[in-house]
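Heads up, the sequence shown is in the numbering used here, so the first residue is 17 and it goes up one at a time. Glycine included, each C-beta is placed from N, C-alpha and C at the ideal position.
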Amino acid sequence: MISPRVVVITVLVTISGCSSLSVDRDTDLRARRHLELADSLERANSLGEATLEYTTVAEHYSGTSSYPTAVYKAALLYCDSSNPVANDSTALHLLALCARMQLTDDRANTVRVAAALLERIRTLRSQAARASASYDALTAQVKRQAGTLGTQSRRIQELEEELRQTGQELQHLKEIDLRMSRSRQKK
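This is the structure:
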């Protein structure tokens with residue numbers, strides 16, 4: 017014979033099991049709704065909002081069947097340069113999560129290619145930033161040297177004018193000296 021305690025415990029376990037199934041179904045349903053909304057927003061080219069919806073599923077519904085798709089699509093949207101909330105670091109983080117998931121071959125290949133391209137883009141951006149800084153430094157140096165050359169050029173012109181005037185004065189003094197010397201010889 018089954019004791020009343022066992023019956024009560026069995027009923028409680030059954031009820032709690034059913035309620036947890038209901039909670040799981042509800043959670044999965046909410047995740048799917050977010051995913052559908054994100055898909056609609058993405059089709060409407062509202063990439064920032066779509067990214068937020070995919071990220072919401074990725075952050076809050078990791079136990080659902082929608083999680084892998086949400087992480088994958090959020091990663092791709094974070095890579096998209098036309099997305100106002102594009103973020104390379106977040107995209108790389110999500111791509112790394114995707115790489116650890118069971119994905120279709122096409123999606124796994126897309127994840128590998130996107131991660132490689134994103135790393136290459138980050139490297140090129142870093143190189144471009146360094147080149148831009150070098151360009152700015154060289155431009156500043158050229159401006160300083162142009163200013164110095166301009167000043168030196170004006171000083172050379174001033175000195176040439178002084179030299180010309182001094183040459184004229186010297187010529188004038190030479191003529192005076194010659195006249196004085198002739199006038200002494202005549203006396």
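Considering only the beta carbon of each residue, do Leu132 and Leu110 sit closer than 8 Å? For the purposes of this step, residue 132 is identified with residue 116 of the sequence shown, where counting begins at 1. For the purposes of this step, residue 110 is identified with residue 94 of the sequence shown, where counting begins at 1. It is Ala, not Leu, that sits at residue 132 in the sequence shown. Contact: no.
Anticipated Cβ contact below 8 Å, Leu108 with Leu68, distance rounded: Against the sequence shown, residue 108 aligns to sequence position 92. Against the sequence shown, residue 68 aligns to sequence position 52. With a Cβ gap of about 19 Å, Leu108 and Leu68 do not count as contacting.
If we ignore side chains and look at the alpha-carbon of each, how far apart do Gln187 and Ser150 end up? Taking the sequence shown and counting its residues from 1, the one referred to as residue 187 is at position 171. Taking the sequence shown and counting its residues from 1, the one referred to as residue 150 is at position 134. Distance between the alpha carbons of Gln187 and Ser150: 54 Å.
Taking its Cβ as the centre, do 16 or more other Cβ atoms sit within 10 Å of Leu140, making it buried, or is it exposed? Position 124 of the sequence shown, counted from the start, is the residue given in the question as residue 140. Exposed, by the Cβ-count rule.
Val73 and Ala47 closer than 8 Å at C-beta: Reading the sequence shown from its first residue, position 57 is the one you call residue 73. Reading the sequence shown from its first residue, position 31 is the one you call residue 47. Taking 8 Å as the Cβ cut-off, Val73 and Ala47 qualify as a contacting pair.
Could you tell me the distance, in whole angstroms, from the CA atom of Ala145 to the CA atom of Ala115? For the purposes of this step, residue 145 is taken as residue 129 along the sequence shown, with counting starting at 1. For the purposes of this step, residue 115 is taken as residue 99 along the sequence shown, with counting starting at 1. Going from the Cα of Ala145 to the Cα of Ala115 covers about 29 Å.
Can you tell me whether Glu58 is buried or exposed? The criterion is at least 16 other CB atoms within 10 Å of its CB, across all chains shown. Mapped onto the sequence shown, residue 58 falls at position 42. Its Cβ being crowded by 16 or more others within 10 Å, Glu58 is buried.
Between which residues of its own chain and Ala98 is the CB-CB distance below 8 Å, once the five residues before and five after are set aside? Reading the sequence shown from its first residue, position 82 is the one you call residue 98. It is Ser, not Ala, that sits at residue 98 in the sequence shown. So the qualifying residues of the chain are Leu63.
Starting from Gln157, trace the alpha helix (DSSP H) in both directions and tell me its first and last residue. Here residue 157 refers to the residue found at position 141 when the sequence shown is read from its first residue. Segment 121-202, the alpha helix (DSSP H) holding Gln157.
Thr71: which of Asp42, Ala60, Asn103 sits nearest, CA to CA? Taking the first residue of the sequence shown as 1, we reach residue 71 at position 55. Among Asp42, Ala60, Asn103, the Cα nearest to that of Thr71 belongs to Asn103.
Inter-residue Cα distance where the pair is Ser78 and Ser148: Counting from 1 along the sequence shown, the entry for residue 78 is found at position 62. Counting from 1 along the sequence shown, the entry for residue 148 is found at position 132. Going from the Cα of Ser78 to the Cα of Ser148 covers about 42 Å.
Whose C-alpha, out of Val127, Ser81, Leu119, is nearest the C-alpha of Tyr94? Translated into positions along the sequence shown, residue 94 becomes position 78. Answer by Cα proximity: Val127.
With 16 other Cβ atoms within 10 Å as the buried cut-off, status of Leu189: For the purposes of this step, residue 189 is taken as residue 173 along the sequence shown, with counting starting at 1. By the neighbour-count rule (16 or more Cβ atoms within 10 Å), Leu189 is not buried but exposed.
Can you tell me which of the three DSSP states Asp96 falls into? Counted from its first residue, the sequence shown places residue 96 at position 80. Residue state, collapsed to three classes: coil.
Taking all protein chains shown into account, decide if Arg200 is buried (16 or more other Cβ within 10 angstroms of its Cβ) or exposed. As a first step, residue 200 is located in the sequence shown; it is residue number 184 there, counting from the start. By the neighbour-count rule (16 or more Cβ atoms within 10 Å), Arg200 is not buried but exposed.
Taking Cβ positions, are Thr43 and Thr80 nearer each other than 8 Å? Residue mapping note: residue 43 aligns to position 27 of the sequence shown, counting from 1. Residue mapping note: residue 80 aligns to position 64 of the sequence shown, counting from 1. Yes. Within cutoff.
Contact set for Val24: own chain, Cβ-Cβ below 8 Å, skip 5 residues either direction: Here residue 24 is taken as the residue at index 8 of the sequence shown, counted from 1. Residue placement at Val24 cannot be trusted, given a pLDDT of 48 that sits under 50; what the coordinates show is reported in the next sentence. Hits under 8 Å: none found.
Residue of Tyr83, Thr182, Gln181, Lys89 minimising C-alpha distance to Ser56: In the sequence shown, the residue the question calls residue 56 occupies position 40. If we check each option's Cα against that of Ser56, Lys89 comes out closest.
Can you tell me which of the three DSSP states Thr85 falls into? Taking the sequence shown and counting its residues from 1, the one referred to as residue 85 is at position 69. Thr85 falls in the helix class under three-state DSSP.
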